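S.K.: Listed in order, the protein sequences are those of chains A and B.
The opening position of the first sequence corresponds to residue 1 in our numbering, with each subsequent residue numbered one higher.
The opening position of the second sequence corresponds to residue 1 in our numbering, with each subsequent residue numbered one higher.
I have a structure here, written as structure tokens, and I will follow up with some questions on it.
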Amino acid sequence: MVDIAIVSFAQCPSVRMAEKPEVQLIVPVVAEAVARSGIPRSEIGFTCSGSADYLSGAPFAFVGNLEATGAWPPIRESHVEMDGAWALYEAWVRLQHGDIDSALVFASGKSSPAVLPEVLALQLDPYYLMPLWVDSISMAALQAAALLQAGDHTEADMADVVARSRKAALDNPNAQLAGDLDPEKLLTEPYLVAPLRKHDCPPISDGAAAIVLVAGDRAKDVCEHPAWIRGIDHRIEAHYPGLRDLTESPSTALAAKNAGLRDGDVEVAEIWASFSHQELILREALGLGDGVDVNPSGGALAANPLMATGLIRIGEAARAISDGGRHRTLAHATSGPCLQQNLVCVLEGS
Amino acid sequence: MTSAREPVRTMQQLISLDYTQRTNPLASRFGQELVRGRIIGHRCPECGRVYSPPRGFCPLCVVETTGVDEVEVSDRGTLTQFTIVSPVQYYGQNERESYVQASILLDGADTPIGGQRLPGIPHDELRMGMRLQAVWRPEGERKLSGGDRAWGGSGIDGAVSHFEPTGEPDASPERYKGYAI
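Below, the structure is given as structure tokens:
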């Protein structure tokens with residue numbers, strides 16, 4: 001295996017509605033990540049991006065987004081119609097070939113132009129469930145109801161997740177929602193889709209993020225505290241939600257095992273729980289104890305720029321090492337309804 | 001089990017999604033200046049290329065451009081390429097006569113304007129290097145419509161009705177080399 005490290009990370013503040021086109025959100029983020037990487041842009045060996053044209057309703061938006069990379073002279077490039085965490089996975093695999101030593105990964109999404117739950121109802125499953133118009137929030141509410149009925153968790157646990165996340169986001173200048181909330185007061189709010197209240201759901205966000213990966217000794221040359229990718233894996237469950245036990249996340253557990261999560265204790269876990277109850281499921285699947293600092297950034301409940309949220313988890317977990325003095329951290333990303341697909345990445349300092 | 005004789009039933013599912021695309025602030029600025037009779041662009045502070053309409057960044061240098069990089073470009077330019085389209089009468093094709101799709105590189109800009117129809121110029125007189133000038137719509141009839149399109153020629157047609165020959169000698173190929181479309 002080629003040792004690969006995250007040497008720089010940049011993101012723009014998440015906002016409910018960005019005035020600028022998506023490519024203009026990406027330009028400063030890519031410029032910052034590349035500048036901070038210490039790798040000249042012309043030497044970056046591979047570029048991979050994650051985005052979804054469905055969100056902004058602009059066919060081939062991902063092609064326009066490439067303009068943010070300075071693709072001249074021509075570059076080696078790829079795109080995934082997935083969150084940027086999967087773009088990072090592809091870049092990691094590409095760097096394993098060993099013929100190049102650096103890669104730029106970026107991700108972007110503007111969820112603001114349409115009604116997001118409707119877009120996701122079509123995007124995630126245009127065949128089997130779409131005629132029922134099962135939107136993303138209703139799907140998550142079914143999962144939350146199943147979890148509560150299983151008896152190990154309560155709505156108060158969910159409110160605690162929200163309060164802790166929004167409080168942590170007070171320290172995150174890129175977060176969209178932050179505040180010191182009283183969990184008991186949260187429980188008096190009306191349901192949005194029972195048992196989910198509005199605060200149990202993520203904000204709708206526009207945003208972008210970028211990461212530069214560097215392989216081998218060069219990572220040590222360009223970065224004082226590189227965050228080494230010790231393990232990364234992703235797994236997917238059945239397409240049809242009725243075939244799954246929605247109260248647990250076996251794909252997360254398997255990805256974590258394959259990523260070597262159990263090889264040591266992690267200090268920080270940046271996990272993508274779009275809905276408060278999903279953090280409870282993911283904590284269990286990942287076996288996170290009380291000593292782990294979960295989502296010090298505030299997580300997806302504080303900012304959820306779809307297609308970048310997962311890459312931001314990896315960036316934040318790397319930042320905890322590069323800037324925060326931590327040694328071993330975990331990042332998790334998800335895709336599909338009710339945690340259908342999950343990626344786990346374990347990072348370590350030198 | 002379903003009986004073999006039971007007819008297959010089908011259902012129609014008509015779906016749509018509504019998107020609200022807000023006008024990019026830069027496109028608004030570009031359109032407002034067009035209404036005033038000016039064509040503006042942004043000059044990249046690193047490479048000096050002028051993008052019109054302004055993009056807010058240079059896609060070659062990956063640097064942002066802002067109001068301080070704004071420049072005015074000429075309403076005169078050079079024909080860099082053209083295609084004479086002979087319409088095939090497929091369903092929905094409203095064109096009956098051959099027409100032109102041309103690109104014009106305005107003086108002072110590095111981004112040709114595509115999709116120009118060049119009405120009134122006999123097709124056998126078209127040639128690369130031909131000098132052209134914008135014919136502005138009368139003040140008060142200029143509209144912002146189409147101003148948010150970065151690609152193609154529709155970005156200016158709310159204010160410029162068409163281009164006509166200036167009568168100047170043709171530009172040398174050196175002037176438009178590398179600026180085909």
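Virtual Cβ for every residue (Gly too), placed ideally from N, Cα, C.
For clarity, every value in this text was computed on a predicted model and none was experimentally measured.
In this structure, does DSSP put N342 of chain A in helix, strand or coil?
M.R.: Of the three classes helix, strand and coil, the one that applies to N342 of chain A here is strand, per DSSP.
S.K.: Can you pull the DSSP bridge partners for Y89 of chain A?
M.R.: None, per the DSSP bridge assignment.
S.K.: Could you name the residues that DSSP lists as bridge partners for W72 of chain A?
M.R.: DSSP lists no partner for W72 of chain A.
S.K.: Would the segment 45-57 of chain A count as touching the segment 270-283 of chain A if we require 3 or more Cβ pairs under 8 Å?
M.R.: Cβ pair count under 8 Å is below three, so no.
S.K.: Between A:G207, A:R319, A:D125, which has its C-alpha nearest I229 of chain A's C-alpha?
M.R.: Of the candidates A:G207, A:R319, A:D125, the one whose C-alpha sits nearest the C-alpha of I229 of chain A is A:R319.
S.K.: Can you list the residues of chain B that Q24 of chain A reaches, using a CB-CB cut of under 7 Å?
M.R.: G56, F57, listed in chain order.
S.K.: Please list, in chain order, the chain A residues whose beta carbon lies closer than 8 Å to that of R19 of chain B.
M.R.: The displayed chain sequence assigns Tyr, not Arg, to residue 19 of chain B. Per Cβ cutoff of 8 Å: S56, G57, P113, A114.
S.K.: Which one of A:A227, A:M139, A:R328, A:N304 has the shortest CA to CA distance from P241 of chain A?
M.R.: The candidate whose alpha carbon is nearest that of P241 of chain A is A:M139.
S.K.: Looking at chain A, is there any beta carbon in it that lies within less than 7 Å of the beta carbon of G147 of chain B?
M.R.: Confidence is the limiting factor: at G147 of chain B the pLDDT is only 43, short of 50, which leaves the residue's position unreliable, though a coordinate-based value still follows. For G147 of chain B, the answer is no, since every Cβ of chain A falls outside 7 Å of its Cβ.
S.K.: Quick one: list the residues of chain A neighbouring P112 of chain B, beta-carbon separation under 7 Å, in chain order.
M.R.: Those within 7 Å of P112 of chain B in chain A number zero; the least Cβ separation is about 16 Å.
S.K.: Mind checking E67 of chain A: buried by the 16 CB within 10 Å criterion, or exposed?
M.R.: It counts as buried.
S.K.: Assess, as a yes-or-no matter, whether the segment 57-67 of chain B is touched by the segment 76-84 of chain B under the definition of 3 or more beta carbon pairs within less than 8 Å.
M.R.: Contact fails: fewer than three Cβ-Cβ distances are below 8 Å.
S.K.: List the endpoints of the continuous beta strand (DSSP E) containing H199 of chain A.
M.R.: Taken as a continuous stretch (DSSP letters only), H199 of chain A belongs to no beta strand (DSSP E), as it is neither H nor E.
S.K.: Cβ closer than 9 Å: which chain A residues qualify as neighbours of Q32 of chain B?
M.R.: Within 9 Å Cβ-Cβ: nothing; Q32 of chain B doesn't reach chain A, min ~16 Å.
S.K.: Assign L14 of chain B to one of two classes, buried (16 or more other C-beta atoms within 10 Å of its C-beta) or exposed (fewer than that).
M.R.: Exposed: under 16 other Cβ atoms inside 10 Å.
S.K.: Is there a C-beta anywhere in chain A that falls below 7 Å from the one on G153 of chain B?
M.R.: Low per-residue confidence applies at G153 of chain B: pLDDT is 43, beneath 50, and the placement is therefore not dependable enough to give any value.
S.K.: With which residues is R76 of chain B paired in a DSSP beta bridge?
M.R.: R76 of chain B pairs with B:Q133.
S.K.: Could you tell me which residues DSSP pairs with I6 of chain A in its beta bridges?
M.R.: DSSP output for I6 of chain A lists A:L213, A:A227 as bridge partner(s).
S.K.: If you measure between the beta carbons of R313 of chain A and A331 of chain A, is that distance less than 7 Å?
M.R.: Cβ atoms of R313 of chain A and A331 of chain A: closer than 7 Å.
S.K.: By DSSP's criteria, I100 of chain A is part of a beta bridge. Which residues make up the other side?
M.R.: Answer by DSSP bridge pairing: none, since I100 of chain A is not bridged.
S.K.: State whether the segment 88-96 of chain A contacts the segment 176-190 of chain A, with contact taken as three or more CB pairs (one from each stretch) at a distance under 8 Å.
M.R.: At 8 Å Cβ cutoff, the stretches do not touch.
S.K.: Could you pull out every residue in the same chain whose Cβ sits closer than 7 Å to the Cβ of V119 of chain A, ignoring the five residues on either side in sequence?
M.R.: Closer than 7 Å at Cβ, skipping near neighbours: Y54, L55.
S.K.: Can you round the beta-carbon distance between V50 of chain B and V73 of chain B to whole angstroms, since I take them to be within the 8 Å contact cut?
M.R.: 6 Å between Cβ atoms; contact.
S.K.: Classify Y354 of chain A: buried if its beta carbon has 16 or more other beta carbons within 10 angstroms, exposed otherwise.
M.R.: Look at the range of chain A in this structure, 1 to 350, and you will see that residue 354 of chain A is not part of it.
S.K.: For N24 of chain B, would you say it is in contact with chain C, using Cβ-to-Cβ distances shorter than 7 Å as the test?
M.R.: The structure shown contains no chain C; its protein chains are A and B.
S.K.: Between Q13 of chain B and chain A, is any beta-carbon pair separated by less than 7 Å?
M.R.: It does: the Cβ of Q13 of chain B has a partner Cβ on chain A nearer than 7 Å.
S.K.: Buried or exposed: D148 of chain B, going by 16 or more other Cβ atoms within 10 Å of its Cβ?
M.R.: In this prediction, D148 of chain B scores a pLDDT of 41, lower than 50, which makes its location untrustworthy; no coordinate-derived value is stated.
S.K.: Where do the ends of the beta strand (DSSP E) carrying G50 of chain A lie?
M.R.: Per DSSP, G50 of chain A belongs to the beta strand (DSSP E) from 46-50.
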